[in-house]
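For reference, the structure discussed in these notes is given below.
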Amino acid sequence: MNKPEIIEKLKVIVKPYIKNQEAFDTLTESTDFITDLQINSANLVDVILDIEEEFSIIIDNQSMERMLDVKSAMEIIEMKLSEI
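First residue of the sequence shown: 17, per our numbering; consecutive thereafter.
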């Protein structure tokens, strides 16, 4: 799975939780989930659970703590997919 495919899947996953539509419309690898998209920490857990389900991966606590922006999320997803 390539980066554009991962970004598109991430967009679908985070869309229900965003509070800042403008930041979502211009989402890039440097977009921060909490600061830019204004996803609260409780919903960020939901996002991570949705990512696990969508990609059929398990994200450990250490990886969860790093998953604060799109780039980190993509790196973790790619790493977990490569382990399958």
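Where a beta carbon is used, it is the ideal one built from N, C-alpha and C, also for glycine.
Asked, Found
"Scan the stretch 22-96 and note each continuous alpha helix (DSSP H) run of 4 residues or more that stays entirely inside, going in chain order.", "37-41, 57-71, 77-82"
"Applying the 10 Å Cβ sphere with the 16-neighbour rule, what's the burial state of I75?", "buried"
"If I measure Cβ to Cβ from K96 and keep anything under 6 Å in the same chain, skipping five residues before and after, which residues do I get?", "I73"
"Between F60 and M17, what straight-line distance do the alpha-carbon atoms span, to the nearest angstrom?", "According to the sequence as given, residue 60 is Leu; it is not Phe. Using only the alpha carbons, I get a separation of about 23 Å."
"Using a Cβ-Cβ cut-off of 8 Å (strictly less than) and excluding sequence neighbours within five positions of I100, which residues of its own chain qualify?", "S72, I73"
"For S46, I'd like the list of residues in its chain whose CB is within less than 8 Å of its CB, leaving aside the five on either flank, ordered along the chain.", "D85, V86, K87"
"Excluding five sequence neighbours on each side, which residues of the same chain lie with their C-beta closer than 8 Å to the C-beta of D62?", "Y33"
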